[in-house]
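Undergrad: So that we are looking at the same thing, I have put the structure below in structure tokens.
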Amino acid sequence: MNMDSTVIQLNNVSKQFGNKHAVRHISLNITSGSIVAILGPNGAGKTTTMKMMLGLSSPSSGEVTVLGMAPDHKQVRQRMGVMLQDVSVMDGLTVREIIRMVHSYYPTPLDTDVIEGLTGLAPAALNRRAEKLSGGQKRSLNFALAMAGDPDVLFFDEPTVGMDSETRRHFWIQIRALAQQGKTVVFTTHYLHEADEAADRIILFNEGSIVADGTPDSIKGGITKRTLSFSFSSDLDIRTQVEGLSGVDKIEYRKNRCILHTQDTDALIRHIITIQLPVQEIRIEAGQLDDAYATLLETIKEDH
Amino acid sequence: MSMLLAQSRVEMLRMSRNVYFVFWSLLMPVLFYILYTRIFTTDAVDAQQWNAHYLMSMTCFSVMGSSIMTLGIRLVQERVHGWVTYLRVTPLPNSIYFGGKMIGQTFIHLCSIIIIFISGYLINGVSLTASQWIGSALWILAGSLPFLALGTCIGTFRRVDTASGLSNALYLSLALLGGMWMPLDVMPDWLRQIGSWLPSHSFGNGAWVLIAGDMPHMRDILLLAAYLVGFMLLSTYIRSKQKEA
Chain A
58 MNMDSTVIQL NNVSKQFGNK HAVRHISLNI TSGSIVAILG PNGAGKTTTM KMMLGLSSPS
118 SGEVTVLGMA PDHKQVRQRM GVMLQDVSVM DGLTVREIIR MVHSYYPTPL DTDVIEGLTG
178 LAPAALNRRA EKLSGGQKRS LNFALAMAGD PDVLFFDEPT VGMDSETRRH FWIQIRALAQ
238 QGKTVVFTTH YLHEADEAAD RIILFNEGSI VADGTPDSIK GGITKRTLSF SFSSDLDIRT
298 QVEGLSGVDK IEYRKNRCIL HTQDTDALIR HIITIQLPVQ EIRIEAGQLD DAYATLLETI
358 KEDH
Chain B
58 MSMLLAQSRV EMLRMSRNVY FVFWSLLMPV LFYILYTRIF TTDAVDAQQW NAHYLMSMTC
118 FSVMGSSIMT LGIRLVQERV HGWVTYLRVT PLPNSIYFGG KMIGQTFIHL CSIIIIFISG
178 YLINGVSLTA SQWIGSALWI LAGSLPFLAL GTCIGTFRRV DTASGLSNAL YLSLALLGGM
238 WMPLDVMPDW LRQIGSWLPS HSFGNGAWVL IAGDMPHMRD ILLLAAYLVG FMLLSTYIRS
298 KQKEA
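The listed protein sequences correspond, in order, to chains A and B. When we follow this note's numbering, the leftmost residue of the first sequence carries the number 58, and every step to the right adds one. When we follow this note's numbering, the leftmost residue of the second sequence carries the number 58, and every step to the right adds one.
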């Protein structure tokens, strides 16, 4: 397969529920072998978009194709693996029995022992009833089931919710290995750091639209702000001087500490020294990624 | 084909492990049978005939219950737990999912029938001719179809609580008014009138008539067929409505 070939294509897709626009005019291409994070806060349209890619929901307008076909085509189903949110395991069956059952759905599945291995469960747990597993173990089973058909395209809706940190780490290692085999991985998340660590492309959603699309670095560079802060004596009124500084996006005062937001902290600190602003304890901090993400989403909201 | 077999097998396994099913569909009918043939007995009726008659009532009661409740509640549970959504993104066709349920359910019904018939034989020495045993078993299997269709209607409910409440109420009132617990003759006339139009009565009646040495009446067959079509249409209608939403 050509590495640049398009696996998933959305063409001017919108989805409306009654009067509510869940997704507005989205167009995107996802190429094979990439790990794509669909990032955004709750209600941004991530899950709706993924459901349309899965053929679980049909767009109100526009077109979605997966592997060049309608997503609900049987041949697409045979080549995709899915792990959804809020899907429990089938009750009344052991882990092994569920694996055998799902294995029988696919024309060219992985061997059952490989699938059993993917669950990461101990042999004793494989013979237990699936409903008796812990939440994290159920997620691991669902991951293994998503892999059962040896899929080319994988979809994960909020995959790491309910996983402990060790399982989470193991999960992302497996995902990277899969992408190296040329499989395409699409996942939704509302954690920026998760998208940053795992994906090679982030599509940022807010209120049903794509607000940013690019590599994690480019997205981060665009939204991370640096701050410069210092203390000053409350006897001196330095506010007019501070307000006169150039290149400052935002000024915050906390008691006798002043926090300046800027794109270029180097230039600002030089300037402060040059004009001999009477301040102490100067600190430069790179903004927390998550804060920056939250701020970004807030500003987007204000823009609307 | 192998997909269908695998799916049916899984459904059988799940049913046989379901405590709810074992209690309502095996334990209850057998207990009722003992209660009404060994403990509360009257001299007024021919004991032998009553024992065979009531055995048929209880077998029908069992199969009807499992068709309405086990199937219906399961369908709701599987949707609530997201399992149905998951299956939609696998290559498993919907027809195989339903087909597996129907075959699994029918096979389990056959087992229930055999178990209850054997307990009738052991408890009261009920003796019928081979063709009567087989004929009534086949009648009960075939006659369960409208109730399976009713089960798929129950299966469209969004909440397990409402589904289980309604199916319990339906099941018990169908059993009572259809004359499965006591013959319709002992009921007031107006109740008997209602009962004679219920699918549960036609279902039981076919079996009662068979063991009395007759063939099932055309009225009962037609009535059951009409209910089957009605419930299937209702279920299909609700499902298509839900899909649009």
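For each residue, glycine too, the CB sits at the ideal point set by N, CA and C.
Mind pulling the chain A residues with CB within less than 9 Å of B/N75?
TA: Neighbours of B/N75 on chain A, chain order: D148 and G149.
Undergrad: Can you give the Cα-Cα distance for A/I172 and B/M272, rounded to whole angstroms?
TA: Using only the alpha carbons, I get a separation of about 54 Å.
Undergrad: Against A/L135, what residues of chain B qualify as contacts under a CB-to-CB distance less than 8 Å, listed in chain order?
TA: Here residue 135 of chain A is Gln; the residue named in the question, Leu, does not match the sequence. The answer, in chain order, is P148.
Undergrad: Look up A/G271 in the DSSP assignment and give the residues it is bridged to.
TA: A/G271 is bridged to A/I259.
Undergrad: What is the rounded straight-line gap between the Cα of B/V286 and the Cα of B/H166?
TA: Looking at the two C-alpha atoms, the distance is approximately 21 Å.
Undergrad: Could you work out which residue in A/S62, A/D306 and A/F212 is closest to A/M140 when comparing CA atoms only?
TA: Among A/S62, A/D306 and A/F212, the Cα nearest to that of A/M140 is on A/F212.
Undergrad: For a contact meaning CB atoms closer than 9 Å, what does B/G208 contact in chain A?
TA: Near B/G208 there are no residues of chain A at all, since even the closest Cβ is about 17 Å away, more than 9 Å.
Undergrad: Looking at the C-beta of A/D274, does it have a partner C-beta in chain B at a distance below 7 Å?
TA: No, because no Cβ of chain B sits closer than 7 Å to the Cβ of A/D274.
Undergrad: I'd like to know if A/L190 contacts chain B, where contact means its C-beta is closer than 7 Å to some C-beta of that chain.
TA: Taking Cβ atoms only, chain B never reaches closer than 7 Å to A/L190, which makes this a no.
Undergrad: Are the CB atoms of B/G235 and B/S257 nearer to each other than 7 Å?
TA: Yes, the Cβ-Cβ distance between B/G235 and B/S257 is below 7 Å.
Undergrad: Between which residues of its own chain and A/A378 is the CB-CB distance below 6 Å, once the five residues before and five after are set aside?
TA: Chain A is shown only over 58 to 361; residue 378 of chain A falls outside these bounds and no answer can be derived.
Undergrad: What's the gap between the Cα of A/T105 and the Cα of A/E254?
TA: Roughly 24 Å separates the two Cα atoms.
Undergrad: Tell me the rounded alpha-carbon separation between A/R342 and A/R314.
TA: One point to set straight first is that residue 342 of chain A is Glu, not Arg, in the sequence displayed. Their Cα atoms are separated by approximately 14 Å.
Undergrad: Can you give me the Cβ contacts of B/M159 inside the same chain, cut-off strictly under 6 Å, excluding the 5 residues immediately before and after it?
TA: Closer than 6 Å at Cβ, skipping near neighbours: no residue.
Undergrad: Check each residue of the stretch 297–330 of chain A: if its Cβ is closer than 9 Å to any Cβ of chain B, include it; give the result in chain order.
TA: Flagged: no residues at all.
Undergrad: Count the other CB atoms, across all protein chains shown, that sit within 10 Å of the CB of A/G174; report buried if there are 16 or more and exposed otherwise.
TA: Flag for A/G174 reads exposed.
Undergrad: Opposite A/S288 in the DSSP bridges: which residues?
TA: A/R314 and A/Q337, per the DSSP bridge assignment.
Undergrad: Quick one: Cα of B/P203 to Cα of B/G261, how far?
TA: Their backbone Cα atoms lie some 13 Å apart in a straight line.
Undergrad: Since A/V80 sits in a beta bridge, which residues does DSSP pair it with?
TA: Bridge partners of A/V80: A/K72.
Undergrad: In chain order, which continuous runs of the alpha helix (DSSP H) of length 4 or greater are located wholly inside the stretch 175–206 of chain A?
TA: With a minimum length of 4 residues, the continuous alpha helix (DSSP H) runs that stay inside the stretch 175–206 of chain A are 180–183 and 192–204.
Undergrad: Which residues in the same chain as B/M244 place their Cβ atom closer than 6 Å to its Cβ, once the five residues preceding and following it in sequence are excluded?
TA: Closer than 6 Å at the Cβ level, and outside the excluded window around B/M244, lies no residue.
Undergrad: Give me the Cα-Cα distance between B/L205 and B/F155, rounded to the nearest whole angstrom.
TA: Answer to the nearest angstrom: the Cα atoms are 11 Å apart.
Undergrad: If we define contact as Cβ-Cβ less than 7 Å, is A/M126 a contact residue for chain B?
TA: Answer no: the Cβ-Cβ gap between A/M126 and chain B never drops below 7 Å.
Undergrad: In whole angstroms, what separates the C-alpha of A/M60 from that of A/G125?
TA: Bear in mind that the predicted position of A/M60 carries a pLDDT of just 47, short of 50, making it too unreliable to give a figure here.
Undergrad: Is B/G139 close to chain C, meaning its C-beta is less than 7 Å from at least one C-beta of that chain?
TA: Given the protein chain composition of this structure (A and B), no chain C is represented.
Undergrad: Kindly indicate if chain A contains any beta-carbon less than 7 Å away from that of B/S176.
TA: So no, B/S176 is outside the interface.
Undergrad: Once you ignore the five residues that flank A/I308 on each side, which residues in its own chain have a CB closer than 8 Å to its CB?
TA: If we look at A/I308 and ignore the five residues flanking it on each side, its Cβ neighbours are V299, E300, C315, I316, L317 and H318.
Undergrad: By Cβ distance below 6 Å, which residues in the same chain neighbour B/W81 in space, the five residues on each side in sequence not counted?
TA: So the list reads G122, once near-sequence residues are dropped.
Undergrad: Can you list, in chain order, the stretches of the alpha helix (DSSP H) that have 4 or more residues and sit fully within the stretch 96–154 of chain B?
TA: As far as the stretch 96–154 of chain B is concerned, its whole alpha helix (DSSP H) runs of at least 4 residues are 104–122, 128–137 and 140–145.
Undergrad: Which whole runs of the alpha helix (DSSP H) in the stretch 129–159 of chain A are 4 residues long or more, in chain order?
TA: Runs of the alpha helix (DSSP H) inside the stretch 129–159 of chain A: 131–136.
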